[in-house]
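Heads up: the structure comes next, in structure tokens.
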Amino acid sequence: MAMSVLRPYTLLCSALPMLFASAGADAQEQRMNVLFLMADDMRPELGCYGVEEVKTPHIDRLAAEGVVFRNAYCNIPVSGASRASLLTGVYPRYPDRFIHFSARASKDCPEAIPISGWFTRHGYHTVSDGKVFHHIEDHADSWSEPPFRTHPDGYDVYWAEYNRWELWMNSESGRHINPRTMRGPFCEQAEVPDTAYDDGKLALRAIRDLTRLKDCGKPFFLACGFWKPHLPFNAPKKYWDLYPPGSISPAPDRFRPEGLPHQVKNSGEINAYACVGDPTDTTFQQQVKRGYYACLSYVDAQIGKVLDALDSLGLANNTIVVLLGDHGWNLGEHNFIGKHNLMDRSTHVPLIVRVPGMQKGDCRSMVEFVDLYPTLCELCGLPMPDGQLDGKSFAQVFQDLQAPTKSCVYIQWEGGDNAVDNRFSYAVWMKDSLRAAHMLFDHHIDPQEDRNRADLPQYADDVRRLSRFIRQVKTENIP
């Protein structure tokens, strides 16, 4: 459903009938709980996605018990905007809605009810631990209790200043500071326990919350946002030891794709840290990849602790578990490091959903983040907010893995509109109502996206079809 005229959040919430009241406490207790796990910058670089080098046994175990979505995409490849869009079920819209790393849902689209507010108003006890919304104050009043973070003093460019949030544990790291940003090294391995870094602390908090939520008398929606594998790549040494120096292979396609528009650029995010090498150097790229892998294994271990607690508390059989990365990340492909572009490595995301008593296995249907809000509403037996959601529920997949979802998904970045289906990724940049540039990748013959085929005559029909899809999305999003 495309977004239309919305009633203000506060007026709608005050007017909502308490649908759960007439159903009684017993009906409430029978509703599924939701454990919503997010990892920052995590692309599908996981064992369950066929990457043999990386060690993620706990996520892989969850994948074996649920549905692994092979063609899941974020709607914008940057954390703040991706989360604002995901948690409201509303598409980004250039240039005024969900386009920046510091996007706030409550500011960019204040009339949209966040999923936290919707579940709260329908009888759930909702809790936010860690980085869920990008900013802790964004829709803070939509949760049943104040959001928790290890470092609750906001979130802005200063968050990684050395050592404001105690991100670095080694004294040696303090000797290497980027004078422009005052940030420490882009990676660190320290002989410390898991709880020395934020994600270890967050896992303990989530376990404590699960323990008390078990007996809260309501179904719960617990969102837990882990920081890793986001920069800086700091993790306990034991996770680095899983990947000995020289054991990590560099990306195979370390060159700029043929005919790539100039609008597609490398991210400069890593340059905000110290000890950064030449981004095109193979040795440096391997070091980046090793650090990313160490952080993946570290966050995998923390996720495993939370999942183990869910089991030991007897909650697994009545709790939907969602695990995702908020967008992708480039690890040297085309000499790109980071996100912030419309290449598949930046937009393709891991998404695993376990629904007790329902299907498990692989799903290759197209899904996008705005679909999660309506899907969870349907799975939990809740109505959906009128006129708000741009996504479409894919709840039918949990009864039939082959059930159709949608044919195409929409992604936006810095004025570029991107349509992705099961074969193609097409992006177009417009200027003054004219096409300034476009690109088309044929994933059937070019999964690495090495050649732009947008101007080849044999693809003209595909370009027209995907262009129509983009125009339709943008037209439906005009208020």
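Mapping of the sequence shown onto mature numbering (1 follows the signal peptide of the UniProt record, and there is no 0): residues -27 to -1, 1 to 452, in sequence order.
Using N, Cα and C, we set each Cβ at its ideal position, and we do this for glycine too.
Remember, it's a predicted structure, so these values are computed and weren't measured experimentally.
- Is it buried or exposed for Glu422, if we count other Cβ within 10 angstroms and need 16 for buried? buried
- For Phe159, collect the residues of the same chain with a Cβ closer than 8 Å to its Cβ; drop the 5 residues on either side in sequence, then sort them by chain order. Leu204, Pro205, Phe206, Ile243, Tyr246, Ala247, Cys248, Val249, Val261, Gly264
- Distance CB(Tyr216)-CB(Tyr170) smaller than 8 Å: no
- Message: Please classify Pro119 as buried or exposed, where buried requires at least 16 other C-beta atoms within 10 Å of its C-beta.
- Response: exposed
- Item | Paired residues, beta bridge with residue 454 - DSSP | Shown here, the chain extends from -27 to 452; a query on residue 454 therefore has no answer.
- Item | Between the CA atoms of Gln3 and Asp182 - distance to the nearest angstrom | 20 Å
- Going by beta carbon distance, what residues of the same chain come within less than 7 Å of Pro347, once the five residues before and after it are set aside? Gly62, Met357, Leu362, Gly364, Lys365, Ser366
- Task: Compute the distance between the beta-carbons of Ala392 and Leu315, then report whether it is under 8 Å.
- Result: no
- For Ser270 and Asp254, the rounded distance between their alpha carbons: 25 Å
- Inter-residue CB distance, His98 and Cys189 (contact presumed, cutoff 8 Å): 5 Å
- Message: Just verifying my parser: in three-state terms, what is the DSSP assignment at Ala410?
- Response: strand
- Message: Helix, strand or coil, according to DSSP, for Phe442 in the structure here?
- Response: helix
- Task: Could you check the C-alpha separation between Val41 and Asn151 for me, to the nearest Å?
- Result: 40 Å
- Query: Hey, quick one: how far does the alpha helix (DSSP H) through Lys80 stretch, first residue to last?
  - Reply: 78 to 81
- Using 8 Å as the Cβ pair cut-off and three pairs as the minimum, do the region 212 to 229 and the region 35 to 54 touch? no
- Item | Selection from Gly103, Ala133, Ala433, Leu304 that minimises the alpha carbon distance to Phe414 | Ala433
- Message: Can you list, in chain order, the residues of its chain with a C-beta nearer than 8 Å to that of Val27? Leave out the 5 residues immediately preceding and following it.
- Response: Glu18, Leu19, Gly20, Tyr266, Leu269, Ser270
- Would you report the Cα separation of Leu195 and Met339, rounded to the nearest angstrom? 26 Å
- Message: Once the 5 residues before and after His107 are set aside, which same chain residues still bring their CB inside 6 Å of it?
- Response: Ser52, Gly53, Arg56
- Item | Nearest-angstrom beta carbon gap, Ser117 and Thr93 [assumed within contact, 8 Å] | 6 Å
- Beta carbon of Tyr46, beta carbon of Pro323: below 8 Å? no
- How about the region 299 to 319 and the region 4 to 15: do they share at least three Cβ pairs that are nearer than 8 Å? yes
- Task: With DSSP as the reference, please indicate the residues paired to Phe206 in a beta bridge.
- Result: Cys160
- Leu304 in three-state terms, based on DSSP: strand
- Message: Tell me which residue opens and which closes the beta strand (DSSP E) that Ile451 is part of.
- Response: Run containing Ile451: none; DSSP gives neither H nor E here.
- Query: What residue does the alpha helix (DSSP H) around Phe92 start on, and which one ends it?
  - Reply: 88 to 94
- Looking at C-alpha atoms only, which residue of Pro87, Asn308, Glu231 is the closest neighbour of Asp318? Per the sequence shown, residue 318 should be read as Arg rather than Asp. Here the closest residue by C-alpha is Asn308.
- Query: What is the rounded straight-line gap between the Cα of Asn290 and the Cα of Leu296?
  - Reply: 17 Å
- Task: Within the same chain, show all residues whose beta-carbon is closer than 8 Å to that of His149, passing over the 5 residues directly before and after it, in chain order.
- Result: Gly157, Pro158, Ala247, Cys248
- Task: With Ile276 as the anchor, note down where its beta strand (DSSP E) starts and where it stops.
- Result: Unbroken run through Ile276 is the alpha helix (DSSP H), 255 to 285; no beta strand (DSSP E).
- Message: Taking DSSP's pairing of strands, which residues face Ala392 in a bridge?
- Response: Tyr383, Tyr399
- Task: Can you tell me which of Phe397, Arg337, Ala274 puts its alpha carbon nearest to the alpha carbon of Lys174?
- Result: Ala274
- 8 Å Cβ shell around Asp33 - same chain, five flanking residues per side excluded: Leu19, Gly20, Cys21
- Query: If you drop the 5 nearest sequence neighbours on each side, which residues of the same chain put their C-beta closer than 7 Å to that of Ala(-7)?
  - Reply: Note that Ala(-7) scores a pLDDT of 34, beneath 50, so its modelled location is shaky; the value from the coordinates is reported in the next line. Result list for Ala(-7): empty, nothing under 7 Å.
- Message: Would Ile310 and Pro223 qualify as a contact pair, given that the criterion is a beta-carbon distance under 8 Å?
- Response: no
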